[in-house]
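Everything in the sequence shown is counted per my numbering, starting at 73 for the first residue and increasing by one.
Cβ coordinates follow ideal geometry from the N, Cα and C atoms, glycine included.
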Amino acid sequence: MADGWPISSDVLGKAIGLSAELTQTEQEELEFFAATVCSLIDRATGRHIEEFRHETSDGTLPPEFTMSAREWGKLMWNQTKGGTNARGQSADPSAPAGVGMPAKVAVWLAPYPPRLFYGDRS
Numbered sequence: 073m074a075d076g077w078p079i080s081s082d083v084l085g086k087a088i089g090l091s092a093e094l095t096q097t098e099q100e101e102l103e104f105f106a107a108t109v110c111s112l113i114d115r116a117t118g119r120h121i122e123e124f125r126h127e128t129s130d131g132t133l134p135p136e137f138t139m140s141a142r143e144w145g146k147l148m149w150n151q152t153k154g155g156t157n158a159r160g161q162s163a164d165p166s167a168p169a170g171v172g173m174p175a176k177v178a179v180w181l182a183p184y185p186p187r188l189f190y191g192d193r194s
């Protein structure tokens with residue numbers, strides 16, 4: 073598995089804007105969200121079948137993967153935990169949450185498609 077992947081609870085906590093203390097308090101939940109979003113990205117890019125797909129020569133993934141995981145994880149956290157929106161306002165609990173990959177994440181990961189072949193286990 074690539075170095076720095078899946079992202080850590082600290083990386084996701086910083087992306088969300090949590091204090092170090094709150095990140096520590098929510099560590100288990102943050103790890104779950106980070107693992108989930110990284111798993112979804114792996115499925116979207118074919119890494120769930122080819123573990124080393126898209127890795128660079130130094131054993132890491134391109135920065136778009138980390139940025140995508142941070143952004144998607146932040147969105148999931150805010151929608152699930154009722155965090156604030158981009159304007160700093162509390163989320164409306166009755167508002168529908170987004171489904172699937174955010175558009176900007178899809179654009180960032182577009183250069184890293186899965187390999188299409190017969191028998192794809194996606």
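- Glu143 is a Cβ neighbour of Val177, given a cutoff of 8 Å.
- In the structure shown, Phe105 falls within a helical segment according to DSSP collapsed to helix, strand and coil.
- Taking Ile88 as reference, the option from Asn150, His126 and Glu101 with the minimal CA-CA separation is Asn150.
- For the 8 Å CB-CB criterion, Leu102 and Gly85 form a contact.
- In summary, Asp114 is buried, with 16 or more beta-carbon neighbours lying within 10 Å of its beta-carbon over all protein chains present.
- Gly172 has its alpha-carbon roughly 20 Å from the corresponding atom of Trp77.
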